[in-house]
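See below for the structure under consideration.
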Amino acid sequence: MSAGKLFIERSVYAFAVGTISGGVVGLCGWGGAQVMIPSMTFPVRFANYSQLSASGISLSSLSMSTLSSGYRYWQEGCIDIPIVFALGIPAVISARVGSGFAKKLSSDALSLFFNSFSIVLIPTHYYIQQRADHRASQQDRVIPDKSHSSEKLAQHAIMGLFSGVISALMGVGGLPFIMSYITEATHLPHHHVQGTTVCALVPSIIVSAVSRMKAIPVGTAGLVAAGAMVGSQGGASVSLSLSEERLRQIYMLSLVVFGGRSMIGAIRNIRDMMAKKNM
509 MSAGKLFIER SVYAFAVGTI SGGVVGLCGW GGAQVMIPSM TFPVRFANYS QLSASGISLS
569 SLSMSTLSSG YRYWQEGCID IPIVFALGIP AVISARVGSG FAKKLSSDAL SLFFNSFSIV
629 LIPTHYYIQQ RADHRASQQD RVIPDKSHSS EKLAQHAIMG LFSGVISALM GVGGLPFIMS
689 YITEATHLPH HHVQGTTVCA LVPSIIVSAV SRMKAIPVGT AGLVAAGAMV GSQGGASVSL
749 SLSEERLRQI YMLSLVVFGG RSMIGAIRNI RDMMAKKNM
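In the working numbering, the protein residues as written are 509 to 787.
Below is the structure:
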């Protein structure tokens, strides 16, 4: 196969992966890494990157899609500024720590962490969304929102520290974690939860991506980023046009789909690691 044909195939593939991943982030508020990392590590001639490089592509590219979709949510007034800063600033600090730790792990270990942590979190996300559905159904119940009190802001900051590490290790894995946290800790509508989460984690995602620049294939990452920006705008626009109930249903469906994929991936990781150990 000629180098020119391979370049075209790689470019089209990278842009398509970015578009789909960005669309998923814009629509669901998460899931871009769950699409992008397996696609970039898939054993075909125009992908087949290491787990570290794939997570670097994910972080650098999805930083663009989160910026794009975050701006769209901001235009619609669907973000909570105090919570964004309370979560976002600590996450930037901890993302540096997480990135340093990620560089010390093998590709297999990173992949296993990515899949295993996803499996652990999926039931938690689903349970919290069920609770949120129940709260939303109690229309006559008025609950005071204290999410901007000093105690709550300190709590947000602690969760921001944790999410920065998770984002660095998983490649934007902190998005669903923070979405579930904001859903449980506040009484914001789901559109505001998604917008606030995306905007809060943009700085830590960028920091994590910059710290992995040596492992990132810049040309591929650029094409994926371009696709991600296009997809995220479309996904966010669709998200904002949906009712809160329908948007929450789509989010819960994404948990089931990506959770199943992560379970299969974790089993494969354990099998491969055991096979290498026995060699």
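Built from N, CA and C at the ideal position, the CB exists for glycine as well.
A quick note: this is a predicted structure, and the numbers were derived from the prediction, not measured.
Checking 8 Å against the spacing of the C-beta atoms, do Val706 and Tyr557 come in under that value? What you label residue 706 is simply residue 198 of the sequence shown in a count that begins at 1. What you label residue 557 is simply residue 49 of the sequence shown in a count that begins at 1. Taking 8 Å as the Cβ cut-off, Val706 and Tyr557 do not qualify as a contacting pair.
Check whether the Cβ atoms of Ala676 and Ser716 lie closer than 8 Å to each other. In the sequence shown, residue 676 corresponds to position 168, counting from 1. In the sequence shown, residue 716 corresponds to position 208, counting from 1. Ser716 sits close to Ala676, with the two beta carbons spaced by under 8 Å.
Using a Cβ distance threshold of 8 Å, determine whether the stretch 603-622 contacts the stretch 725-733, with at least three qualifying pairs required. Counting Cβ pairs under 8 Å, fewer than three are found: no touch.
Given this structure, state the Cα-to-Cα distance separating Ser576 from Ala617, to the nearest angstrom. Residue 576 sits at position 68 when you count from the first residue of the sequence shown. Residue 617 sits at position 109 when you count from the first residue of the sequence shown. One C-alpha to the other measures close to 31 Å.
Is Glu753 helix, strand or coil when you go by DSSP? Looking up residue 753 in the sequence shown gives position 245. In the three-state reduction of the DSSP assignment, Glu753 falls in the helix class, which pools H, G and I.
Should Asp648 be labelled buried (16 or more other beta-carbon atoms within 10 Å of its own) or exposed? Taking the sequence shown and counting its residues from 1, the one referred to as residue 648 is at position 140. Confidence is the limiting factor: at Asp648 the pLDDT is only 49, short of 50, which leaves the residue's position unreliable, though a coordinate-based value still follows. Exposed, by the Cβ-count rule.
What is the rounded straight-line gap between the Cα of Pro652 and the Cα of Ala599? Against the sequence shown, residue 652 aligns to sequence position 144. Against the sequence shown, residue 599 aligns to sequence position 91. Its pLDDT being 49, under 50, Pro652 is placed unreliably in this model, and the value from its coordinates should be taken loosely. So the alpha carbons of these two residues sit roughly 27 Å apart.
Which whole-angstrom value describes the C-beta separation of Ala555 and Thr549, a residue pair presumed to lie in contact below a C-beta threshold of 8 Å? In the sequence shown, counting from the first residue as 1, residue 555 sits at position 47. In the sequence shown, counting from the first residue as 1, residue 549 sits at position 41. About 7 Å separates the CB atoms of Ala555 and Thr549; that is less than 8 Å, so the two are in contact.
Would you report the Cα separation of Phe523 and Ile666, rounded to the nearest angstrom? Here residue 523 refers to the residue found at position 15 of the sequence shown. Here residue 666 refers to the residue found at position 158 of the sequence shown. Answer to the nearest angstrom: the Cα atoms are 36 Å apart.
Considering Cα atoms alone, identify which of Phe593, Ala511 and Val533 is closest to Arg553. The count along the sequence shown starts at 1 and reaches residue 553 at position 45. Checking every option, the nearest Cα to that of Arg553 belongs to Ala511.
Taking C-beta to C-beta, are Leu748 and His699 nearer than 8 Å? The count along the sequence shown starts at 1 and reaches residue 748 at position 240. The count along the sequence shown starts at 1 and reaches residue 699 at position 191. It is a contact, given that the beta carbons lie within the stated cut-off.
Among Ile516, Val533, Gly672 and Tyr689, whose alpha-carbon lies nearest the alpha-carbon of Met737? For the purposes of this step, residue 737 is taken as the residue at position 229 of the sequence shown. From the listed residues Ile516, Val533, Gly672 and Tyr689, the smallest Cα separation to Met737 is found for Val533.
Would you kindly report the start and end of the unbroken alpha helix (DSSP H) that includes Lys612? Within the sequence shown, residue 612 is the residue found at index 104, counting from 1. For Lys612, the enclosing alpha helix (DSSP H) starts and ends at Ile589 to Lys612.
Identify which residue in Pro697, Pro546 and Leu763 has its Cα closest to the Cα of Leu750. Position 242 of the sequence shown, counted from the first residue, corresponds to residue 750. Ranked by Cα distance from Leu750, the first of Pro697, Pro546 and Leu763 is Pro697.
Helix or strand or just coil, what does DSSP make of Arg518? The residue given as residue 518 occupies position 10 in the sequence shown. Arg518 falls in the helix class under three-state DSSP.
May I have the straight-line CA-CA distance separating Ile474 from Tyr759, to the nearest angstrom? A question about residue 474 goes unanswered here, because the residues of the chain that appear run from 509 up to 787.
From His642 to Glu692, what does the alpha carbon distance come to, in whole angstroms? Counted from its first residue, the sequence shown places residue 642 at position 134. Counted from its first residue, the sequence shown places residue 692 at position 184. Rounded to whole angstroms, His642 to Glu692 spans 12 Å at the Cα level.
Short check: CB of Val764 to CB of Ser571, under 8 Å? Along the sequence shown, read from residue 1 onward, the residue named residue 764 stands at position 256. Along the sequence shown, read from residue 1 onward, the residue named residue 571 stands at position 63. In terms of Cβ geometry, Val764 and Ser571 do not form a close pair [threshold 8 Å].
Tell whether a beta-carbon distance below 8 Å holds between Gly739 and Ile565. Residue 739 sits at position 231 when you count from the first residue of the sequence shown. Residue 565 sits at position 57 when you count from the first residue of the sequence shown. No, they are not a contact pair.
With a CB to CB cut of under 6 Å and the five nearest residues on each side skipped, what residues in its chain are close to Gly743? Here residue 743 is taken as the residue at index 235 of the sequence shown, counted from 1. Within the same chain, and ignoring the five residues on either side of Gly743 in sequence, the residues whose Cβ sits closer than 6 Å to its Cβ are Gly531, Gly534 and Leu535.
Please tell me whether Ser561 and Pro725 are closer than 8 Å, where the distance is taken between their beta carbons. For this step, residue 561 is matched to residue 53 along the sequence shown. For this step, residue 725 is matched to residue 217 along the sequence shown. Yes, these two residues count as a Cβ contact at 8 Å.
Candidates Leu755, Ile630, Leu620 and Tyr689: which alpha carbon is nearest Met782's? By one-based count along the sequence shown, residue 782 stands at place 274. The option with the nearest alpha carbon to Met782 is Leu620.
Around the Cβ of Val650, are there at least 16 other Cβ atoms within 10 angstroms (buried) or fewer (exposed)? Here residue 650 refers to the residue found at position 142 when the sequence shown is read from its first residue. Only weak support is given to the placement of Val650: the predicted model assigns it a pLDDT of 45, under 50, and the value that follows is read from those uncertain coordinates. Counting of Cβ neighbours within 10 angstroms places Val650 among the exposed residues, the total staying below 16.
Beta-carbon contacts of Ser719 that lie in its chain and below 7 Å, excluding the five residues immediately before and after: Taking the first residue of the sequence shown as 1, we reach residue 719 at position 211. Sequence-distant Cβ neighbours of Ser719 in its own chain, meaning closer than 7 Å and more than five residues away, are Arg604 and Ser607.
Contact set for Met687: own chain, Cβ-Cβ below 7 Å, skip 5 residues either direction: Working through the sequence shown from its first residue, we reach residue 687 at position 179. Result list for Met687: Gly537, Trp538, Val701, Gln702 and Thr705, in chain order.
If we ignore side chains and look at the alpha-carbon of each, how far apart do Gly526 and Glu659 end up? Your numbering for residue 526 matches position 18 in the sequence shown. Your numbering for residue 659 matches position 151 in the sequence shown. In this structure, the alpha-carbon of Gly526 lies about 39 Å from that of Glu659.
Reduced DSSP secondary structure (H/G/I, E/B, other) of Trp582: Here residue 582 refers to the residue found at position 74 of the sequence shown. In this structure, Trp582 counts as helix in the three-state DSSP scheme.
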